[in-house]
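The sequence shown begins at 125 in this note's numbering and counts up one residue at a time.
Positions of the beta carbon are idealized from the N, C-alpha and C atoms, including for glycine.
Model, not experiment: these values are computed from the prediction.
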Amino acid sequence: MGILDFTGLFEYTQRELTHLKNCQRAIIQVPTLIPHELHQKYRQLFPHTEQGLIYLNHAAVSPLSTRVLKAQIAHLQDRSSGKIETYPDDVKQSERTKGCIDRLINAESWERIAFTGNTSDALNIVAGGLDWKPGDRILLNDLEFPANVYPYTHLKSHGVEIDLMHSTDGRISPEMIYAALRPRTRLLALSAVQYLSGYRSDLALLGELCRSRGILFVVDAMQAAGCVRIDVQEMKIDALAAGAPKWLMGPQGIGFLYLTEELQARIHQKNFGWLSVEIPWDFFNFDQGPAATARRYEGGTVNIPGMWGFHASLTTLLEVGLDNIESHILTLTEEMTTKFQEAGLRMYSPTDSRERAGIVTIWPPEGLDATAVFNELTKEHVLASMRGGRIRYSPHFYNSIGEIHEAVDRTIAIFEGLSSQ
Ligand SMILES: Cc1ncc(COP(=O)(O)O)c(C=O)c1O
Numbered sequence: 125m126g127i128l129d130f131t132g133l134f135e136y137t138q139r140e141l142t143h144l145k146n147c148q149r150a151i152i153q154v155p156t157l158i159p160h161e162l163h164q165k166y167r168q169l170f171p172h173t174e175q176g177l178i179y180l181n182h183a184a185v186s187p188l189s190t191r192v193l194k195a196q197i198a199h200l201q202d203r204s205s206g207k208i209e210t211y212p213d214d215v216k217q218s219e220r221t222k223g224c225i226d227r228l229i230n231a232e233s234w235e236r237i238a239f240t241g242n243t244s245d246a247l248n249i250v251a252g253g254l255d256w257k258p259g260d261r262i263l264l265n266d267l268e269f270p271a272n273v274y275p276y277t278h279l280k281s282h283g284v285e286i287d288l289m290h291s292t293d294g295r296i297s298p299e300m301i302y303a304a305l306r307p308r309t310r311l312l313a314l315s316a317v318q319y320l321s322g323y324r325s326d327l328a329l330l331g332e333l334c335r336s337r338g339i340l341f342v343v344d345a346m347q348a349a350g351c352v353r354i355d356v357q358e359m360k361i362d363a364l365a366a367g368a369p370k371w372l373m374g375p376q377g378i379g380f381l382y383l384t385e386e387l388q389a390r391i392h393q394k395n396f397g398w399l400s401v402e403i404p405w406d407f408f409n410f411d412q413g414p415a416a417t418a419r420r421y422e423g424g425t426v427n428i429p430g431m432w433g434f435h436a437s438l439t440t441l442l443e444v445g446l447d448n449i450e451s452h453i454l455t456l457t458e459e460m461t462t463k464f465q466e467a468g469l470r471m472y473s474p475t476d477s478r479e480r481a482g483i484v485t486i487w488p489p490e491g492l493d494a495t496a497v498f499n500e501l502t503k504e505h506v507l508a509s510m511r512g513g514r515i516r517y518s519p520h521f522y523n524s525i526g527e528i529h530e531a532v533d534r535t536i537a538i539f540e541g542l543s544s545q
């Protein structure tokens with residue numbers, strides 16, 4: 125049996141689960157930075173880097189590259205004083221954009237992808253479309269961003285039970301998930317990377333576990349897509365949702381849903397529109413069934429200007445290379461974690477690099493107010509974010525190691541300054 129070949133391992137014990145986890149992680153390579161010349165080429169697409177700003181808040185929203193800006197402006201100009209009726213071009217571009225998403229997550233085909241307005245819309249298509257029976261259970265955890273909570277808790281009115289796992293130190297390990305499974309668990313809802321603790325779940329292991337138990341595995345990839353590798357087929361993910369504006373560096377108001385054909389066949393679709401059908405331009409035939417592809421969930425015209433920008437951001441990420449991006453980000457977050465630890469700070473994000481992606485979160489030293497720290501950091505031109513009394517840094521591929529050192533030094537200087545007041 126190869127390292128990743130778990131076929132036949134249907135009944136896990138705790139020990140087996142831990143063993144599989146260790147095997148899998150042993151093959152992760154040591155991350156490195158993107159080579160200097162390539163890095164400089166793409167860094168130039170982000171003009172704020174020339175303005176003395178150290179932007180480390182991609183877990184909230186990414187800056188738009190000049191390519192994204194140009195793509196959106198070009199489209200808007202065409203709509204204003206060019207072709208005006210751009211629809212045929214938009215349809216082709218929409219297929220190309222789905223092709224990029226397909227490459228991003230290794231879907232079976234671009235036809236398994238539907239555009240949505242955001243992550244929440246995508247999750248609601250799945251959560252709201254399943255045939256829930258009273259007593260069915262959904263496994264959730266207390267680290268999740270609310271976008272990945274309410275589509276499920278809302279189902280309590282259908283008699284669905286929610287099992288909310290309690291995290292420890294910002295982690296929800298596969299062992300904890302395994303232990304929380306119940307005979308009526310029908311769906312595991314999980315973020316690939318947690319928005320605040322930055323904990324990165326072992327999706328391949330959990331996908332295998334869910335598939336072997338007939339449990340649907342639905343992943344919120346908002347903090348992972350564009351940052352770390354996702355392979356929906358290898359990871360046996362049934363549905364995956366993400367929006368463009370964070371790690372995918374695209375505009376707001378556009379996101380996507382991936383789902384398998386098998387899951388699609390089980391969904392009782394709530395909303396239908398003219399674009400849901402097989403041949404939308406066959407206006408006079410009202411007897412059409414839903415499209416075979418995931419386009420059936422789009423209903424009406426999607427955010428077209430957003431889609432043009434999204435295409436530009438996706439092609440840029442694919443050009444840089446998803447492995448390069450992941451490797452660079454992991455190097456930056458490793459460096460940041462090491463430096464903060466050396467300074468004796470208390471980490472909220474994982475200290476084990478195998479559980480980390482693009483987020484580093486620290487607790488300010490005892491007695492220091494996080495708001496004061498955050499305000500000082502902003503004055504020092506380091507843009508991070510403050511969530512629940514913690515400071516969260518989230519660098520992307522165009523950030524440099526020098527910026528990471530600067531951000532750590534300025535943070536520590538602020539801590540020292542505020543402590544001595
Ligand atoms: C894990 C996660 N999911 C979803 C969202 C946002 O959802 P939406 O795209 O619906 O606005 C966020 C935003 O912070 C997030 O961190």
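Give the straight-line distance between the Cα atoms of residue i and residue j, rounded to the nearest whole angstrom.
{"i": "residue 400", "j": "residue 180", "result": "39 Å"}
{"i": "residue 437", "j": "residue 224", "result": "10 Å"}
{"i": "residue 291", "j": "residue 501", "result": "29 Å"}
{"i": "residue 528", "j": "residue 411", "result": "59 Å"}
{"i": "residue 391", "j": "residue 423", "result": "15 Å"}
{"i": "residue 311", "j": "residue 337", "result": "10 Å"}
{"i": "residue 362", "j": "residue 344", "result": "11 Å"}
{"i": "residue 499", "j": "residue 508", "result": "10 Å"}
{"i": "residue 189", "j": "residue 375", "result": "10 Å"}
{"i": "residue 187", "j": "residue 531", "result": "18 Å"}
{"i": "residue 459", "j": "residue 314", "result": "27 Å"}
{"i": "residue 158", "j": "residue 294", "result": "29 Å"}
{"i": "residue 193", "j": "residue 483", "result": "26 Å"}
{"i": "residue 195", "j": "residue 431", "result": "10 Å"}
{"i": "residue 349", "j": "residue 307", "result": "31 Å"}
{"i": "residue 450", "j": "residue 409", "result": "48 Å"}
{"i": "residue 264", "j": "residue 462", "result": "31 Å"}
{"i": "residue 352", "j": "residue 537", "result": "31 Å"}
{"i": "residue 544", "j": "residue 497", "result": "13 Å"}
{"i": "residue 542", "j": "residue 457", "result": "25 Å"}
{"i": "residue 342", "j": "residue 435", "result": "24 Å"}
{"i": "residue 279", "j": "residue 317", "result": "24 Å"}
{"i": "residue 217", "j": "residue 228", "result": "16 Å"}
I'd like to confirm the pairing. Which residues does DSSP put opposite residue i in its beta bridges?
{"i": "residue 380", "result": "239, 366"}
{"i": "residue 315", "result": "344"}
{"i": "residue 522", "result": "Per DSSP, none; premise fails for residue 522."}
{"i": "residue 487", "result": "470"}
{"i": "residue 178", "result": "506"}
{"i": "residue 265", "result": "289"}
{"i": "residue 309", "result": "261"}
{"i": "residue 515", "result": "486, 510"}
{"i": "residue 567", "result": "Since the first residue shown for the chain is 125 and the last is 545, residue 567 is missing from the structure and cannot be characterised."}
{"i": "residue 295", "result": "292"}
{"i": "residue 621", "result": "In the structure displayed, the chain extends from 125 to 545; residue 621 sits before or after that span and is not available."}
By Cβ distance, which residues of its chain are closer than 7 Å to residue i, with the 5 residues on each side in sequence left out?
{"i": "residue 200", "result": "429"}
{"i": "residue 219", "result": "234"}
{"i": "residue 512", "result": "320"}
{"i": "residue 486", "result": "464, 469, 470, 471, 472, 514, 515"}
{"i": "residue 232", "result": "357"}
Which whole-angstrom value describes the C-beta separation of residue i and residue j, a residue pair presumed to lie in contact below a C-beta threshold of 8 Å?
{"i": "residue 477", "j": "residue 454", "result": "7 Å"}
{"i": "residue 534", "j": "residue 504", "result": "5 Å"}
{"i": "residue 325", "j": "residue 275", "result": "With a Cβ gap of about 18 Å, residue 325 and residue 275 do not count as contacting."}
{"i": "residue 183", "j": "residue 516", "result": "6 Å"}
{"i": "residue 418", "j": "residue 237", "result": "6 Å"}
{"i": "residue 288", "j": "residue 271", "result": "Wrong, their Cβ atoms sit about 16 Å apart, outside the cutoff."}
{"i": "residue 359", "j": "residue 328", "result": "5 Å"}
{"i": "residue 169", "j": "residue 191", "result": "6 Å"}
Which residues in the same chain have their Cβ closer than 6 Å to the Cβ of residue i, if we skip the five residues on either side of it in sequence?
{"i": "residue 285", "result": "261"}
{"i": "residue 448", "result": "158"}
{"i": "residue 474", "result": "323, 480"}
{"i": "residue 520", "result": "182"}
{"i": "residue 129", "result": "Note that residue 129 scores 37 on pLDDT, short of 50, meaning its location in the model is unreliable and no value can be drawn from it."}
Excluding the five sequence neighbours on either side, which residues of its own chain have a C-beta within less than 8 Å of the C-beta of residue i, listed in chain order?
{"i": "residue 167", "result": "173, 522, 524"}
{"i": "residue 393", "result": "249, 253, 400, 414, 420, 421"}
Could you name the residues, in chain order, whose CB is less than 6 Å away from a heavy atom belonging to ligand 1?
242, 243, 244, 269, 271, 272, 315, 319, 344, 346, 347, 367, 379
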